[in-house]
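Asker: Numbering (my numbering), first residue to last: 56 to 339.
Got a structure here, written out as structure tokens. Questions coming.
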């Protein structure tokens, strides 16, 4: 956004559907950068759209789930602006050795007919343990940042439908462990981190980072139509090798495109050459 230029969303109200306290990290970011008001929408159980504990599978993609939440919030509130977030967990995209969290926040503007998505990702403490011993459960709690990061307990294994979520004290954890052990037919208890936003400070921080990415995009206006959300939509590889000059897989150009009118601008990366270690010819 141009310095001193007022956000087009200043004074507007946007609907946010959440039941896990996400407004605590989203609202301050949007209020400061956009000057808009966030109306927290209740009256719909977002767990019906899928849970991380696998008792309710999530249909569709992460983006589709976030979009659906935003639309439901807009319908319940009657507002033309809405946003919602959705997280996902899996192996890291580099070596596949560590747990990884990606957060998306979708902003829908039915006045301008645009959709903008903020994204943040990083390593996470998402972990689990199958054990018969309280001492191991206690050690797992310390390793995962319990009790600040809550835990989930169930008997036998990860798919058992009997479940206790939101365990937030050592007394609760010991009681849940005793219960699960008594219910288990194989003498094991399955414990995992509770990654619902209100139960996991690390994930909540990542949601705040996604909100910051969202406002950066909303504050970047299209040079052709002045719509928010002018952003990198495509990256073109081909940066030449510093030794042989052959094109590499390193990014040479970023293509910025408007989400409303489609106007685009190609921006060359400041780097002029790629290191030889990135070259398929010099370093096959």
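In this text, a Cβ means the ideal position worked out from N, Cα and C, and glycines have one as well.
#1: Rounded to whole angstroms, how far is the Cβ of residue 68 from the Cβ of residue 92, which I believe are closer than 8 Å?
#2: From the DSSP output, which residues share a beta bridge with residue 262?
#3: Jot down the residue ranges of each uninterrupted alpha helix (DSSP H) in the region 218–288, minimum 4 residues, whole runs only, in chain order.
#4: Helix, strand or coil for residue 177 per DSSP?
#5: Go through its chain and collect everything with a Cβ distance to residue 271's Cβ below 6 Å, but skip five positions before and after it.
#6: List the DSSP bridge partners of residue 156.
#7: Opposite residue 93 in the DSSP bridges: which residues?
#8: Less than 9 Å between the C-beta atoms of residue 306 and residue 320, yes or no?
#9: Could you have a look at residue 190 and say whether DSSP puts it in helix, strand or coil?
#10: Skipping 5 residues on each side, what residues in its chain have a beta carbon closer than 6 Å to that of residue 328?
#11: Secondary structure at residue 163, three-state DSSP: helix, strand or coil?
#12: I need the DSSP call for residue 207, collapsed to helix, strand or coil.
#13: List the residues that DSSP assigns as beta-bridge partners of residue 62.
#14: What alpha helix (DSSP H) runs, 4 residues minimum, are completely inside the region 103–150?
#15: Just mark residue 336 as buried or exposed, buried being the case when its beta carbon has 16 or more other beta carbons within 10 Å.
#16: Excluding the 5 residues flanking residue 131 on each side, which residues of the same chain have their C-beta closer than 8 Å to its C-beta?
#17: Please state the DSSP three-state secondary structure of residue 88.
#18: Give me the residue from 224, 226 and 207 with the minimum Cα distance to residue 217.
#19: Once you ignore the five residues that flank residue 113 on each side, which residues in its own chain have a CB closer than 7 Å to its CB?
#20: Look at residue 277 and residue 318 and say whether their C-beta atoms are less than 9 Å apart.
#21: Between which two residues does the beta strand (DSSP E) holding residue 307 run?
#22: Cβ atoms of residue 248 and residue 241: under 9 Å apart, would you say?
#23: Pairs of beta-carbons, one from the region 167–180 and one from the region 219–237, closer than 8 Å: are there three or more?
#24: Ordered along the chain, which non-local residues of its own chain (more than five positions away) have a Cβ less than 8 Å from that of residue 186?
#25: For residue 323, report the span of its beta strand (DSSP E) as first-last.
#26: Apply the 10 Å Cβ neighbour rule to residue 285 and answer buried if 16 or more other Cβ atoms are within range, or exposed otherwise.
#27: What did DSSP end up calling residue 331 once you bin it into helix, strand or coil?
#28: Between residue 323 and residue 223, what straight-line distance do the alpha-carbon atoms span, to the nearest angstrom?
#29: If you reduce the DSSP assignment to three classes, tell me which class residue 339 lands in.
#30: Please report the distance separating the alpha-carbon of residue 101 from that of residue 124.
#31: Suppose you measure from the CA of residue 260 to the CA of residue 288; what does that come to, to the nearest Å?
Answerer: Reading from the atomic positions:
#1: 5 Å
#2: None, per the DSSP bridge assignment.
#3: 225–238 and 256–273
#4: strand
#5: none
#6: 144 and 177
#7: 69
#8: For residue 306 and residue 320, no; Cβs fall outside 9 Å.
#9: helix
#10: The residues 295 and 297, in chain order, have a CB closer than 6 Å to that of residue 328 in the same chain once the five nearest residues on each side in sequence are set aside.
#11: Looking at residue 163 - three-state DSSP - the assignment turns out to be strand.
#12: Looking at residue 207 - three-state DSSP - the assignment turns out to be strand.
#13: Paired residue(s): none; residue 62 is not in a bridge.
#14: Listed in chain order, they are 117–132.
#15: So residue 336 ends up on the exposed side.
#16: 70, 72, 96, 98 and 99
#17: helix
#18: 207
#19: Here the set comprises 104, 105 and 120.
#20: One thing to note: residue 277 has its Cβ within 9 Å of the Cβ of residue 318.
#21: 306–312
#22: no
#23: no
#24: 192, 195, 243, 244 and 246
#25: 319–323
#26: buried
#27: It is helical.
#28: 50 Å
#29: coil
#30: 7 Å
#31: 25 Å
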